[in-house]
Amino acid sequence: PGPMPVPVRALEERIACEITFPRVTGYRYDLPSEQLTAVFTPDSIMALSTSELPVRTEMASIIGDAEYHTIYGLKNRREQEIDFRLASLVLEKYFRDADGNPKPWLFPQLLQIARRWRTECLVCKDNTFPQMLLLTEPAHNAADKIYRAITASTPASKTLLPILRPYDPIGSTRYVDFDTTRPVYRTNPDKCHVSHVVADTGSWEQKMAQTLEDMDEVICYVKNHNLGFTIPYTMEGREHSYLPDFIVKLDDGHGRENPLNLIIEVSGEARKDKAVKVATARNLWVPAINNHGGFGRWAFLEINDPWDAQHTIRAFVNGVEMNNRGITLM
Numbered sequence: 026p027g028p029m030p031v032p033v034r035a036l037e038e039r040i041a042c043e044i045t046f047p048r049v050t051g052y053r054y055d056l057p058s059e060q061l062t063a064v065f066t067p068d069s070i071m072a073l074s075t076s077e078l079p080v081r082t083e084m085a086s087i088i089g090d091a092e093y094h095t096i097y098g099l100k101n102r103r104e105q106e107i108d109f110r111l112a113s114l115v116l117e118k119y120f121r122d123a124d125g126n127p128k129p130w131l132f133p134q135l136l137q138i139a140r141r142w143r144t145e146c147l148v149c150k151d152n153t154f155p156q157m158l159l160l161t162e163p164a165h166n167a168a169d170k171i172y173r174a175i176t177a178s179t180p181a182s183k184t185l186l187p188i189l190r191p192y193d194p195i196g197s198t199r200y201v202d203f204d205t206t207r208p209v210y211r212t213n214p215d216k217c218h219v220s221h222v223v224a225d226t227g228s229w230e231q232k233m234a235q236t237l238e239d240m241d242e243v244i245c246y247v248k249n250h251n252l253g254f255t256i257p258y259t260m261e262g263r264e265h266s267y268l269p270d271f272i273v274k275l276d277d278g279h280g281r282e283n284p285l286n287l288i289i290e291v292s293g294e295a296r297k298d299k300a301v302k303v304a305t306a307r308n309l310w311v312p313a314i315n316n317h318g319g320f321g322r323w324a325f326l327e328i329n330d331p332w333d334a335q336h337t338i339r340a341f342v343n344g345v346e347m348n349n350r351g352i353t354l355m
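First residue of the sequence shown: 26, per the numbering used here; consecutive thereafter.
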């Protein structure tokens, strides 16, 4: 027989250690005006190349189900359809109200901007054609470029905000309830709402938990395992979810009633996707949540050595003031 499963639970008697967090599905700018313009720069240019496109692939399903096509079967689609789909994608991804609903009245402006972008910024290399923008990855890349051109043309007063999950915008440690056969570390009842830290490796998760429990300034913490805390990010046109390692509530000098919510990522070897995840957490998720103002103060810290984590955390928190991105300002 294999190892006996260990129940990992949020314990009612530890409710004082509950940690809540926003459930974010994306990011948007609260633009000061709904009169949209776009400024195209060299960064707006996008080149289509057969080296990056398979012969048989999935077509972008911006509205409706995905369909499979051979690339060259797309040639008979009208260019107006490209503009329509790109405008729809920009609207769906980026132009939503505070409740997460799209703003359809902006569609005519987005359609004009999408058409301009296609005629001014799209480069088709050998054996490619504009209809390839109907494919999933190129469509998302194009929509991102269009959106960046729109935000670049607006005044500096635009505010980055989160797009929250419509029906359950707040997650909590209180819902953790699962069994595991992985290695576990039994947590301190005064520091963690959840009974155990589940380990993916033999040592570093346990070491981080011990370090956090030994720090007086740590009010409580939780390992992000079956917690439901994700940071959405985009890589190569595809949307993904990033699961950081820990959430820690810290008394950083503002008192225990106004804690800093510190997201901690313990990094191993350098990987391309890790760099994108960390950049998204620092530059999008944290500033969006802090701008929202309804979830307390948040910051992000990457730790390279769990055996020096206490020093790293204290240097980050105590050394200098932080801006709204959770980035230290010298």
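Glycine residues also receive a C-beta, built at the ideal position from the N, C-alpha and C atoms.
Helix, strand or coil for F109 per DSSP? The residue you call residue 109 lines up with position 84 of the sequence shown. If DSSP states are grouped into helix, strand and coil, F109 belongs with the helices.
Compute the Euclidean distance between the alpha carbons of R53 and R173, then round it to the nearest angstrom. Residue mapping note: residue 53 aligns to position 28 of the sequence shown, counting from 1. Residue mapping note: residue 173 aligns to position 148 of the sequence shown, counting from 1. One C-alpha to the other measures close to 11 Å.
Sort F254, P191, A123, T161 by Cα distance to V201 and report the nearest one. Walking along the sequence shown from the start, residue 201 turns up at place 176. Looking at the Cα atoms, F254 is the closest of the given residues.
Suppose the cutoff is 6 Å on Cβ atoms and the five residues either side in sequence are ignored; what does the same chain contact list for E22 look like? Outside the shown range of the chain, which is 26 to 355, sits residue 22, and nothing can be said about it.
Using 9 Å as the threshold, is the C-beta distance between L158 and R143 below it? For the purposes of this step, residue 158 is identified with residue 133 of the sequence shown, where counting begins at 1. For the purposes of this step, residue 143 is identified with residue 118 of the sequence shown, where counting begins at 1. The answer is yes: Cβ separation under 9 Å.
What is the DSSP secondary structure of R281, reduced to helix, strand or coil? Translated into the one-based positions of the sequence shown, residue 281 becomes position 256. DSSP places R281 in the coil class of the three-state scheme, outside both helix and strand.
Report the residue ranges of all alpha helix (DSSP H) runs contained in full by the stretch 192-241; include only those spanning at least 4 residues, in chain order. 229-239
Can you grab the Cα-Cα spacing for the pair N251 / P155, in whole Å? Numbered from its first residue, the sequence shown carries residue 251 at position 226. Numbered from its first residue, the sequence shown carries residue 155 at position 130. Each residue's alpha carbon lies about 42 Å from the other.
Any contact between the stretch 278-287 and the stretch 302-311? By contact I mean 3 or more CB pairs, one from each, below 8 Å. no
Whose CA, out of S113, H336, Q105, T226, lies closest to the CA of L326? Here residue 326 refers to the residue found at position 301 of the sequence shown. Ranking S113, H336, Q105, T226 by Cα distance to L326 puts H336 first.
Looking at the unbroken beta strand (DSSP E) that takes in D151, where does it start and where does it end? Stepping through the sequence shown from its first residue, residue 151 is reached at position 126. Careful: D151 lies outside any beta strand (DSSP E) and carries neither H nor E.
By the 10 Å Cβ neighbour count, where 16 or more other Cβ atoms means buried, how is F46 classified, buried or exposed? For the purposes of this step, residue 46 is identified with residue 21 of the sequence shown, where counting begins at 1. Buried, by the Cβ-count rule.
Alpha carbon to alpha carbon, how far is N343 from H279? On the sequence shown, residue 343 is found 318 positions in, with the first residue counted as 1. On the sequence shown, residue 279 is found 254 positions in, with the first residue counted as 1. Those two C-alpha atoms are separated by around 11 Å.
According to the neighbour-count rule (16 or more other Cβ atoms, all chains shown, within 10 Å of its Cβ), is I188 buried or exposed? Numbered from 1 along the sequence shown, position 163 holds the residue referred to as residue 188. Its Cβ being crowded by 16 or more others within 10 Å, I188 is buried.
Excluding the five sequence neighbours on either side, which residues of its own chain have a C-beta within less than 7 Å of the C-beta of I107, listed in chain order? Locating residue 107 in the sequence shown gives position 82, where the first residue counts as 1. The beta carbon of I107 sits closer than 7 Å to the beta carbons of R143, P155, Q156, L158, L159 from its chain, once the five residues preceding and following it are set aside; these are given in chain order.
Integer-rounded CB distance, given that I138 should sit under 8 Å from A41: Position 16 of the sequence shown, counting from 1, holds the residue named residue 41. Position 113 of the sequence shown, counting from 1, holds the residue named residue 138. The Cβ separation is near 51 Å, so there is no contact.
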